[in-house]
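As structure tokens, the structure follows; a few thoughts come after it.
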Amino acid sequence: MRTSIDARANLDLIEQNYRRWQENPESVDSGWAAFFEGFELGNLPQRDGAPKASGEAEAREAALQTRVDGLIYAYCSLGHTVARVDPLAEKRPQNPLLSLRELGFSESDLDLRVSSKFFLDNRPMTLREMLAG
17 MRTSIDARAN LDLIEQNYRR WQENPESVDS GWAAFFEGFE LGNLPQRDGA
67 PKASGEAEAR EAALQTRVDG LIYAYCSLGH TVARVDPLAE KRPQNPLLSL
117 RELGFSESDL DLRVSSKFFL DNRPMTLREM LAG
């Protein structure tokens, strides 16, 4: 089953709509607005006295989190295509649009700790744990 938007295009679409939303929140669909409000809420500065990351490190973390958010969105949209619904099937169905590469990740990224935000109780976890969840 194909969707109208490929997973790689999802990232471009998300970034495009995010920029539009930053300029004018009413310029995007209410679903997108809610998504970005949650995104912004998850990126509020820490108030626990923890030291802030350097600008470059912060930019890398933000770029990684944007890719993670795109991955979560892709699984929300396409996860049903890889659901194990046939108890006799030996393997779970595959969807190339949900491959690590298609979503901008590699095997070496699987052990990076990321924020799950509203997925799995908002606890930090590795990308590997998130994909297994």
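Mapped onto the working numbering, the consecutive letters of the sequence shown carry residue numbers 17 to 149. Glycine included, each C-beta is placed from N, C-alpha and C at the ideal position. A quick note: this is a predicted structure, and the numbers were derived from the prediction, not measured.
- Message: Please tell me whether Gly-120 and Arg-83 are closer than 7 Å, where the distance is taken between their beta carbons.
- Response: With respect to the 7 Å criterion, Gly-120 and Arg-83 are classified as neighbours on the basis of their beta carbons.
**Study point:** Spatial neighbours of Ser-131 in its chain, beta-carbon cut-off 8 Å, leaving aside the 5 residues before and after
**Key:** Residues Gly-58, Gln-81, Val-84, Asn-138, Pro-140 of the same chain have their beta carbon placed closer than 8 Å to that of Ser-131, with the five preceding and five following residues left out of the count.
Candidates Val-101, Tyr-89, Leu-113, Leu-27, of which the one nearest Gly-163 by Cα = The first residue shown for the chain is 17 and the last is 149, placing residue 163 beyond what the model contains.
**Study point:** DSSP beta-bridge partners of Val-130
**Key:** Met-141.
Margin query: Just to confirm, is the Cβ distance from Arg-100 to Leu-126 under 7 Å?
Written below: Going by C-beta atoms, Arg-100 is not nearer than 7 Å to Leu-126.
- Query: If you compare alpha carbons, which of Leu-113, Gly-47, Arg-129 is closest to Tyr-91?
  - Reply: Comparing Cα positions, the closest option is Leu-113.
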